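S.K.:
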Amino acid sequence: MFRQKVGFNASSIHIPVEIYEGDIDIQNALKWTNGLFDVWKKNRDEDPDLLWQYFGSQTGILRIYPASKWSITGVDLYDVRRRPWYTEGASSPKDMFILIDTSGSTHGQALTLMKHSVKSLLDTLGENDFINIAQFSDKAKIIGCFDRFVQANYRNKQVLVDYVFNLKAKGMASYAKGFEFAFEQFKEFCQFEKYESGEEGEGANCNRIIMFLTDGGTEMPEEVFKKYNWPEKKIRIFSYAVGPIANPLAAVKWIACANRGYFYKIPAMGAIRSTVQRYQNLLGSGLVGGQSKEFLWTNIYEDFWDWPVLHKPKSSNSPFETPFVETDPTPIKGLGMMTTVTLPVYNTSTDIANQTVLGVMGCDMTVSDMEAFIPDRKLGPNGYAFAINSNGYIVFHPNLKAKNGWVPSPPNVDFLEVEFNSPEKEKLRRAMLDNTTGEPGEMTITSFVHVKDEMHVDQKTRKYYYTGIPGSSISLAVVIPEYTQFYIEDNDSVTPEEGAELLEPDLAKILIAPWDYCPGVEGSENVTWKESLIDTLLTTYPECDKSLVQHLFFDAKVTATMDTYWQQQEQATYKTGSPARDGIVATFIATNGGLTRVYPANTNESFEDMKDTWKSLYYRRSFDNDMWVYSATHNTGIPDWNTTEPVVMASKAITLSGRGYKPAVVGVKISQEKLREFMLSHASVCSTESNICYLLDDGAFVMLSSDEENALQVGQFFGDIDPLLMWRLHASDVFLQKDEYDYQAACQMEQHSSAGIKSVFIPALYELLTLQWWTTKLTMMYVNFNIYKCIQLCCVLTVMAEDVSYAKNYSCVKHLAQYYFSSGDNTDEKDLIVCGNCTRWFATARLPGSNLLLVIATRDCFPAGDCNVPVLLQAPVETADPAFSEGKCNVTRYYRTRPTCFDYNEDPNTCGGGIQVAPSGAVLLSIQLAFVGVLLTRYS
-6 MFRQKVGFNA
4 SSIHIPVEIY
14 EGDIDIQNAL
24 KWTNGLFDVW
34 KKNRDEDPDL
44 LWQYFGSQTG
54 ILRIYPASKW
64 SITGVDLYDV
74 RRRPWYTEGA
84 SSPKDMFILI
94 DTSGSTHGQA
104 LTLMKHSVKS
114 LLDTLGENDF
124 INIAQFSDKA
134 KIIGCFDRFV
144 QANYRNKQVL
154 VDYVFNLKAK
164 GMASYAKGFE
174 FAFEQFKEFC
184 QFEKYESGEE
194 GEGANCNRII
204 MFLTDGGTEM
214 PEEVFKKYNW
224 PEKKIRIFSY
234 AVGPIANPLA
244 AVKWIACANR
254 GYFYKIPAMG
264 AIRSTVQRYQ
274 NLLGSGLVGG
284 QSKEFLWTNI
294 YEDFWDWPVL
304 HKPKSSNSPF
314 ETPFVETDPT
324 PIKGLGMMTT
334 VTLPVYNTST
344 DIANQTVLGV
354 MGCDMTVSDM
364 EAFIPDRKLG
374 PNGYAFAINS
384 NGYIVFHPNL
394 KAKNGWVPSP
404 PNVDFLEVEF
414 NSPEKEKLRR
424 AMLDNTTGEP
434 GEMTITSFVH
444 VKDEMHVDQK
454 TRKYYYTGIP
464 GSSISLAVVI
474 PEYTQFYIED
484 NDSVTPEEGA
494 ELLEPDLAKI
504 LIAPWDYCPG
514 VEGSENVTWK
524 ESLIDTLLTT
534 YPECDKSLVQ
544 HLFFDAKVTA
554 TMDTYWQQQE
564 QATYKTGSPA
574 RDGIVATFIA
584 TNGGLTRVYP
594 ANTNESFEDM
604 KDTWKSLYYR
614 RSFDNDMWVY
624 SATHNTGIPD
634 WNTTEPVVMA
644 SKAITLSGRG
654 YKPAVVGVKI
664 SQEKLREFML
674 SHASVCSTES
684 NICYLLDDGA
694 FVMLSSDEEN
704 ALQVGQFFGD
714 IDPLLMWRLH
724 ASDVFLQKDE
734 YDYQAACQME
744 QHSSAGIKSV
754 FIPALYELLT
764 LQWWTTKLTM
774 MYVNFNIYKC
784 IQLCCVLTVM
794 AEDVSYAKNY
804 SCVKHLAQYY
814 FSSGDNTDEK
824 DLIVCGNCTR
834 WFATARLPGS
844 NLLLVIATRD
854 CFPAGDCNVP
864 VLLQAPVETA
874 DPAFSEGKCN
884 VTRYYRTRPT
894 CFDYNEDPNT
904 CGGGIQVAPS
914 GAVLLSIQLA
924 FVGVLLTRYS
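With this note's numbering as the guide, the letters of the sequence shown map in order to residues -6 to 933.
#1: What residue range does the alpha helix (DSSP H) around L104 cover?
#2: In this structure, does DSSP put E871 in helix, strand or coil?
#3: Using 10 angstroms around the beta-carbon of W223, count the other beta-carbons present and answer buried if the total reaches 16, otherwise exposed.
#4: Determine, using beta carbons only, whether L717 and V622 come nearer to each other than 8 Å.
#5: If you run the structure through DSSP and keep just helix, strand and coil, what is Q744?
#6: Rounding to the nearest angstrom, what Cα-Cα distance links K170 and R148 in this structure?
#7: List the endpoints of the continuous alpha helix (DSSP H) containing S525.
#8: Which term fits C805, buried or exposed, when burial requires 16 or more other beta carbons within 10 angstroms of its beta carbon?
#9: Could you tell me which residues DSSP puts in a beta bridge with F663?
#10: Does DSSP classify G373 as helix, strand or coil?
#11: Is I438 helix, strand or coil when you go by DSSP?
#12: Write down the C-beta distance between T291 and V245 rounded to the nearest angstrom, noting that I regard them as a contact closer than 8 Å.
#13: Can you give, in chain order, each stretch of the alpha helix (DSSP H) that sits fully within the segment 184 to 260 and has at least 4 residues?
#14: Could you spell out the range, first to last residue, of the beta strand (DSSP E) harbouring H808?
#15: Got a sec? Which residues, its chain only, sit under 6 Å from Y221 by beta carbon, not counting five neighbours each side?
#16: Could you please give the first and the last residue of the uninterrupted beta strand (DSSP E) stretch that includes Y458?
#17: Below 8 Å between beta carbons: does that hold for P41 and F1?
#18: Short of 8 Å in beta carbon distance, which residues of its chain neighbour K420, apart from the five on each side in sequence? Order them along the chain.
#19: Run through DSSP, which three-state label would L722 get?
#20: When you compare only the Cα positions, how much space is there between D369 and D72?
#21: DSSP on S595, reduced to helix/strand/coil?
#22: I'd like the list of long-range same chain contacts for R271, defined as Cβ closer than 7 Å, with 5 residues on each side in sequence excluded.
#23: Just verifying my parser: in three-state terms, what is the DSSP assignment at M603?
#24: Do the CB positions of E943 and Y736 come within less than 8 Å of each other?
#25: From the DSSP output, read off the bridge partner residues of D407.
#26: Buried or exposed, going by whether 16 or more other CB atoms sit within 10 Å of the CB of P237?
#27: For the beta strand (DSSP E) that contains T837, what are its first and last residues?
#28: Step through the CB atoms of chain B and report whether any lies within less than 8 Å of the CB of F231.
#29: State the start and end residues of the unbroken beta strand (DSSP E) segment that holds I293.
#30: According to DSSP, is V555 helix, strand or coil?
#31: Going by beta carbon distance, what residues of the same chain come within less than 7 Å of G576, once the five residues before and after it are set aside?
#32: Opposite L689 in the DSSP bridges: which residues?
#33: Just to confirm my understanding: we take D556, look at its own chain, exclude 5 residues before and 5 after, and list those with CB closer than 6 Å. What are they?
#34: What three-state label does DSSP hand R422 in the structure shown?
#35: Cα separation between I202 and R(-4)?
#36: Alpha carbon to alpha carbon, how far is A365 from G327?
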């Protein structure tokens, strides 16, 4: 359950490396938090499914239950106060402005410490905070390109850090100029229409703070404070004296004390982390005064124990750029992606000086826990569910690449970045964020949908059913295609003995998807997974998922007659005298129950990688496209002489008329030789030496070439084979291009880098297959069973994204292009390409009822490089973030909803000394009760 050894009879602790564990305050905290063990143990006895329960203290102590051995390779830099669940739970949202003194006196060590201090300050900010940074000497200016405060998400913070580490010191310091600039930035931002009205959720509109970093000085800009901040003192100032101080500090401390702030010293690198985060204790006092009992669901993040060992690649120019690379291929395995439910715990003493946040209580819920609630077998292969938080960021979604490139912060991936953006999707996103009452809503949206191979794109209609979870910041949605309005209902009509016999036919071979039909099914050296499943069905059937097993049995029963048909077809001949199965390598039928029936039986190995029908690309695309979908294994174009000649697959979904339900996909694997023979016999122009013909699929991938020597080109992107002709097909709108930026991409550390046709008769190639009987026969067989029941979507509440494995890479941005057919008449094109003294003819035509395009052209007669046209790329390519490259600064400001604000409750007499509190028994009791509250809402 925890994927490591744990002890349920104790709790364990962790203390940050820079904290002296013998300190009296640390010892006291260890003593009074030990009482939490009894509460946690009782909670687990009542709910054995509970995961980690823990308390993070403002002193840096982490106490966690159940106990586990703390194991990490290298220097242990873990500090609970820097974890996203703690930083978000310990204080209310804030608009932070960092003001950096870059006068000449800071040159050297002081400025270096300031840069690292700013990086550490940014690490304390979460997605509900807003940030901007300025530098000043004799004048002030914004650092970087942000014209106003931006959301403190991962990407924006990375941009700011890169600018900060390029700062240079020069000039004389003018505190008045610096603070006047800072206050003006707040003034302009607060007067911004969307900030004041809260219409778009712009800004935190809660705590407003200036973080002032300097090496010391004597100036007291009193007039500036009188003009902008006194007497209300709505903007707090925290002063940091940075470096081995030789300059006077009295004025620096006065600035903080006069503006509800606090004064700190950072004399050396080792003091940065523990010092910069102390401001959170003061901001947390607002939670105490407001008696906050608000449960916060954090954004998703990686379980600490899943962190691999990382180092910076040598090619990195800055110590704070995005790339981090794994060095250990077997990282400590934790619970994966998760969210944490948090609640602040505070001292409610009547003495305001002691009213402070003591820490944050947390309880985890993993995405795998959420996944268990998905009624995925009712949503169909192309249906899914997802959830977003109040910022529109993904909590879980099947397109979330949570582990394809580790980043040291929550992904902050917006819903509109994992689905193709459209005005309708933006309306859906807003409706989900505004749905706080739990009332169900729905929208029908036609837009582009992602195809898992990232090489194709389809434009389809989906129904979105959504609701908010009252008392949380999460909104849920279920997405289904229009053809998934029904599902097969369990009728328990086939006995395990009958089912086992149906799964072992004589003529064909049945492959079964590796689903959880029964618990404990495992393959071994001597027993296959299928054999283990059948044995389990015969011995412990009551423990199996009867609905799933009966669906499998039912599909095996309905499709059983196909074996005889295929055998008879093998012996039949066409009117021409050729065998009916001439050129047919294999025939198959795959079903929603996870069954794939293959004939002849000895071809089953070629289907092993596709036995999970719902994950197979051909299956999902066949459901989405009412035509014969031709496909082939992707080919990168890199020669591999051990590769056998690829075959082409043609598949089509069976649709039951009247209901629209699609129970299965039928298909064949065809040899290139037979397809080529058919092409040349019906399009004689392809036989001419001066011409070459191609069959391309709807993503511009080669399915066939008229030249036999080009057999290994099948599955390759046409732009890599004939760049000039592909460019012309795109320029003529035969193929349209859909560009996309993948902000979740994973990149490898090193990359190494290539007289005209008048008329043609175009036959419908699918007629070759003569498969009409299949669809007619199977349709009637499915219709004869009363197996349908309408999906009760109101019962679908909790969902999760699919899991993916680690990659040895670093996080990056990639650009990818997908191509698709024009919806107009452009796919039937006749034209020529003129370049110098050479003219090249080409013609195209769509093949009816399929996703194929016939391309006929005269052979390339241009010397390499003579025609200067853009090379169209399809494969993902690493690129700079388009929002911030080439001097651009395009910040995407999507709609968001603001969390509750608690912003004023501190002792006005403290501004320069630490506050340490040893809580009483009453305080400990309040902690226990707070955690019980977390548990009570865990599954609500």
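Don't be surprised by glycine CBs; every beta carbon is placed ideally from N, CA and C.
Model, not experiment: these values are computed from the prediction.
M.R.: From the atom records:
#1: Q102 to D116
#2: strand
#3: exposed
#4: no
#5: Confidence at Q744 is low in this model, with a pLDDT of 39, below 50, so the placement of that residue should be treated as unreliable; the coordinate-derived value is given next. Coil, per DSSP.
#6: 30 Å
#7: W522 to T532
#8: buried
#9: The question names Phe, but residue 663 in the sequence shown is Ile. Note: I663 sits in a beta bridge opposite I577 and V641.
#10: coil
#11: strand
#12: In fact, because the Cβ distance is near 35 Å, the residues do not count as touching under 8 Å.
#13: 186 to 190, 215 to 221 and 243 to 250
#14: Y803 to F814
#15: F176
#16: V450 to G461
#17: no
#18: M436
#19: helix
#20: 38 Å
#21: According to the sequence displayed, residue 595 carries Asn and not Ser. It is helical.
#22: Y257
#23: helix
#24: Absent from the structure is residue 943, since the part of the chain shown begins at -6 and ends at 933.
#25: Y386
#26: exposed
#27: C831 to R839
#28: Here there is only one protein chain, and chain B is not present.
#29: I293 -> no beta strand (DSSP E), and no H or E assigned at all.
#30: For the sequence presented, residue 555 should be read as Met rather than Val. In the structure shown, M555 sits in a helix (DSSP, three-state: H, G or I).
#31: I663, S664, E666 and K667
#32: V695 and L846
#33: P498, L500 and A501
#34: helix
#35: 42 Å
#36: 18 Å
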